[in-house]
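Numbering (our numbering), first residue to last: 92 to 353.
Working notes for the structure below.
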């Protein structure tokens, strides 16, 4: 049987967040926990959802949105974030860029910089910055994922561990005040930890659509990030958690106010 409207609403929520708890789905759809459990069980039986610890996520067999599609989602927000990051990077700096649509916009914003030393696991990002203005670009090896041309696994980890760079620029699938930053796959979290360990400064780039969302895998704590660059001021609890961890923030609206008062 095709999914009911309620089941389609559940799938839409899970696809948007990557991971949802039963309580979050019940609140979002304004139905009882039992109604959510009954519909989730049907979707799991059909292979459309997968139960994981604490909630449900998309099964590994279902492809994630393509890299090209993710580049079109929240384009203006990602461009604003990228502009703030690129303004901090100087000609000749060394940096890691992870494999995400937001860091791809950072790469585009860096297109006029010169003599950058870039290490990435993204074939798309490498292609943006290679052969430009004296840049040196190093691409991590291993099998590339089908949907986003990102390299993960032991080969990629061994490769990046050979470098000690100034900046690591990362993104995440979700951020929550009590859990920190989260991603959809364990390999992404492991790769992020490697970049954090081999950089002097870690910058997290994330747009407001990921605020107070959940994903199944813990990526890193707020205390591991030196700067959080986003497009809108986070909700109060999330903002307090980030600042309490000693993580600086850069937001376009605050930058505009600072410029106007100079």
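Where is the CB? At the ideal position from N, CA and C, for every residue including glycine.
Nearest neighbour of residue 187 by Cα position, chosen from 125, 283, 324, turns out to be 283. Using a Cβ-Cβ distance cut-off of 8 Å, the region 264 to 274 and the region 97 to 111 are in contact, since at least three pairs of beta carbons, one from each stretch, lie closer than that value.
With fewer than three CB-CB distances shorter than 8 Å, the region 287 to 294 does not count as touching the region 218 to 232. Within the DSSP bridge table, the entry for residue 271 names 267 as partners.
Annotation: residue 181 is outside any beta strand (DSSP E) and is labelled neither H nor E by DSSP. Taking all protein chains shown into account, residue 103 has fewer than 16 neighbouring C-beta atoms within 10 Å of its C-beta and is therefore exposed.
Judged by DSSP in its simplified three-state form, residue 227 adopts strand. Looking from the CA of residue 248, the closest CA among 239, 234, 258, 238 belongs to 234.
Going by DSSP, residue 341 is part of the beta strand (DSSP E) stretching over 339 to 341. Cβ atoms of residue 280 and residue 304 stay farther apart than 8 Å, at about 16 Å. In this structure, residue 204 keeps its C-beta atom at 9 Å or more from the C-beta atom of residue 190.
Taking C-alpha positions only, residue 318 is separated from residue 134 by approximately 39 Å.
Counting the other CB atoms within 10 Å of its CB gives residue 206 a total below 16, which places it among the exposed residues.
For residue 170, the three-state secondary structure derived from DSSP is helix. Per DSSP, reduced to three states, the secondary structure at residue 299 is helical.
With respect to residue 213, residue 184 sits apart: the two C-beta atoms are not nearer than 9 Å. Relative to the Cα of residue 180, the nearest Cα in the group 215, 259, 118, 192 belongs to 259.
The Cβ atoms of residue 195 and residue 177 do not sit closer than 9 Å to each other.
For the options 338, 98, 141, the alpha carbon positioned closest to that of residue 120 is the one of 98. Of the candidates 149, 148, 150, 197, 197 places its Cα closest to the Cα of residue 172. For the 9 Å CB-CB criterion, residue 289 and residue 243 do not form a contact. Around the C-beta of residue 202, fewer than 16 other C-beta atoms lie within 10 Å, and the residue is accordingly described as exposed.
Within the model, the alpha-carbon separation for residue 328 versus residue 311 is close to 18 Å. The alpha-carbon of residue 165 is positioned some 14 Å away from that of residue 262. Taken through DSSP and simplified to helix, strand or coil, residue 141 comes out as strand. Residue 340 is positioned such that its CB atom lies closer than 9 Å to that of residue 320. Residue 211 is bridged by DSSP to 188, 230.
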